[in-house]
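Okay, so here's the structure we're looking at.
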Amino acid sequence: MTERQKTIKQATSVSGTGLHTGQFGSITFNPAPENHGIKFRRIDVTGQPVIDAVVDNVISTDRGTTLGVNGTQIFTIEHVLAALTGLGIDNVLIDMDMDEMPIMDGSSRFFIEALEKAGIQVQDAEKKILVIEEKVTFEIPDKKIKVTIEPAEKLSFSVEIDYETKVLGKQFAALSDISNFKNEIAPCRTFVFLHELEYLLNNNLVKGGDISNAIVFVNKVIEQEELDRLAKLFNKPSVEVKTKGILNNIDLHFENEPARHKLLDLIGDLTLLGINLRGHVKAQRPGHFTNTQFAKLIHQKYLS
Ligand SMILES: [Zn+2]
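Take the sequence shown: its letters are residues 24 to 327, numbered as in this note's numbering.
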């Protein structure tokens, strides 16, 4: 049976704060015609420039994937793109009134909810599918980074992370069928290590980063004085280190939530290929740089 392209039945919006700018804004998903693909439109910028969600438009992979065309930038697109791929949506125009996606709880959950509420519309045109016939590998041996895609009946993923710390060592996550994305992967939130977060906060690099939208791993002994200082930085009455070296009041949705989040990011970044993959993706220590380089390799081999 041929698979058909999909869009949404009606427009739907999500509002929230951006992680990097701390700005409050909204994104609106609009239905789009067949073969339109996924595009972003900055309605807050003169001329309302439209930027295609394609890997050629990636200009940075520092703390998130950033697209840019002619000086107009769009930050932190990966969790939104993952939600679209997770629901099999091919065509949508995303209007935005700020330069990044709202971070929400650091997962894809809120985007999934909004899109499902709008309803999925099946279109007439056939889905564009890239069937992987020969293995593609991207690796950085020094950093033990390796991502491959190999032939398989359907799209599936397995991910291994290893931060070589006591609180977050080796972890695995897998997704055997993209239809399980919503329940198994979408709710999984982003995470940081405390030392990274302190650096980001002290240097004003994270502004919307309320402590509730990231799992914070504490990989050092931490004194009360430091906790008080952090509470102040986070604008909370108090913070504490919970069991397993996790800061504050977050309960993990899954034991391996960090690895699952890396899988979520990988799905989001591979959405920039603009085509539905059919193959098994296996990633060791993935990240936005690795994911987008890998997407470029697949593009080179199969799509250009
Ligand atoms: Zn992420």
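Virtual Cβ for every residue (Gly too), placed ideally from N, Cα, C.
On a predicted model such as this, the values are computed, not experimentally measured, just so you know.
* Say whether the segment 146-165 touches the segment 256-264, bearing in mind that this needs 3 or more beta-carbon pairs closer than 8 Å, one atom from each stretch. => Between the segment 146-165 and the segment 256-264, the count of Cβ pairs shorter than 8 Å is below three; the stretches do not touch.
* For Pro-281, which of helix, strand or coil comes out of DSSP? -> Three-state result, Pro-281: helix.
* Below 8 Å, can you find three or more Cβ-Cβ pairs linking the segment 99-106 to the segment 287-304? -> Output reads yes: the segment 287-304 touches the segment 99-106.
* Asked: Around the C-beta of Arg-212, are 16 or more other C-beta atoms found within 10 angstroms, so that it is buried, or is it exposed?
  -> With 16 or more Cβ atoms within 10 Å of its Cβ, Arg-212 is classed as buried.
* Starting from the C-beta of Leu-224, find all residues in its chain whose C-beta is less than 7 Å away, skip the five residues before and the five after it, and write them out in chain order. => Around Leu-224: Leu-256.
* Asked: Taking 7 Å as the cut-off, does the CB of Thr-313 come closer than this to any heavy atom belonging to ligand 1?
  -> No, since every heavy atom of ligand 1 falls outside the 7 Å radius drawn around the Cβ of Thr-313.
* Buried versus exposed, by CB contacts within 10 Å (16 or more), Glu-123 -> With 16 or more Cβ atoms within 10 Å of its Cβ, Glu-123 is classed as buried.
* Could you tell me the distance, in whole angstroms, from the CA atom of Lys-169 to the CA atom of Lys-140? => Roughly 37 Å separates the two Cα atoms.
* Would the beta-carbon of Gly-302 fall within 8 Å of that of Glu-173? -> The answer is yes: Cβ separation under 8 Å.
* To do: Compute the minimum distance between the beta carbon of Thr-213 and the heavy atoms of ligand 1, and state whether it is under 7 Å.
  => Yes, the Cβ of Thr-213 comes within 7 Å of a heavy atom of ligand 1.
* **Given 8 Å, three or more beta-carbon pairs between the segment 305-325 and the segment 126-137** => No, because fewer than three Cβ pairs between the segment 305-325 and the segment 126-137 fall closer than 8 Å, the two stretches do not touch.
* To do: State the DSSP-derived secondary structure class of Ala-196, mapped to helix, strand or coil.
  => Correct three-state label for Ala-196: strand.
* Answer with buried or exposed for Ile-214, where buried requires no fewer than 16 other C-beta atoms within 10 angstroms of its C-beta. => The displayed chain sequence assigns Phe, not Ile, to residue 214. Buried, since its Cβ has 16 or more Cβ neighbours within 10 Å.
* Asked: Using the beta-carbon count (16 or more within 10 Å), is Phe-195 buried or exposed?
  -> Per the 10 Å Cβ criterion, exposed.
* To do: Could you spell out where the alpha helix (DSSP H) holding Arg-132 opens and where it closes?
  => Arg-132 -> alpha helix (DSSP H) spans 132-141.
* To do: Confirm the yes/no value for this check: CB of Glu-101, any heavy atom of ligand 1, distance under 7 Å.
  => Checking every heavy atom of ligand 1 against the Cβ of Glu-101, one is found closer than 7 Å.
* Measuring alpha carbon to alpha carbon, tell me which of Asn-242, Asn-203, Ala-197 ends up nearest Glu-17. => This structure gives no information on residue 17, because the portion of the chain shown stretches from 24 to 327.
* Three-state secondary structure assigned by DSSP to Ala-106 -> Ala-106 sits in a helix when the DSSP states are folded into three classes.
* Asked: Of all the options Thr-313, His-43, Lys-32, Gly-109, which has the alpha carbon lying nearest to the alpha carbon of Asn-226?
  -> Nearest of Thr-313, His-43, Lys-32, Gly-109 to Asn-226, Cα basis: His-43.
* Could you tell me if Pro-56 is buried or exposed, where buried requires 16 or more neighbouring beta carbons within 10 angstroms of its beta carbon? => By the neighbour-count rule (16 or more Cβ atoms within 10 Å), Pro-56 is not buried but exposed.
* Roughly how many angstroms separate the alpha carbons of Val-78 and Lys-265, rounded to a whole number? -> Taking the straight line joining both Cα atoms gives about 39 Å.
* Kindly indicate which residue of Arg-132, Leu-138, Ser-49 has the alpha-carbon position closest to the one of Ile-31. => Of Arg-132, Leu-138, Ser-49, the residue nearest in Cα terms is Leu-138.
* **Cβ pair Leu-90, Ile-97 closer than 8 Å** => Inclusion of Leu-90 and Ile-97 in the CB contact set at 8 Å is warranted, their separation being smaller than that value.
* Residue of Glu-149, Leu-191, Ile-74 minimising C-alpha distance to Ile-61 -> Of the listed residues, the one whose Cα sits closest to Ile-61 is Ile-74.
* Going by alpha carbons, who is nearest to Asp-274 out of Lys-305, Asn-80, Pro-210, Asp-165? -> That would be Pro-210, whose Cα lies nearest to the Cα of Asp-274.
* Beta carbon of His-284: closer than 7 Å to some heavy atom of ligand 1? -> His-284: yes, Cβ under 7 Å from ligand 1.
* To do: Please work out which residues of its chain come closer than 6 Å, Cβ to Cβ, to Ile-201, disregarding the five sequence neighbours upstream and downstream, and give them in chain order.
  => Closer than 6 Å at Cβ, skipping near neighbours: Leu-178.
* Report yes if the C-beta of Leu-287 is less than 7 Å from at least one heavy atom of ligand 1; otherwise report no. => Checking the 7 Å criterion, the Cβ of Leu-287 is within range of a heavy atom belonging to ligand 1.
* Following the continuous alpha helix (DSSP H) through Ala-76, name the residue where it begins and the one where it ends. => Run containing Ala-76: none; DSSP gives neither H nor E here.
* Closest Cα partner of Leu-326 within the set Asn-299, Ala-282, Ile-163, Val-92 -> With distances taken between Cα atoms, Leu-326 lies closest to Asn-299.
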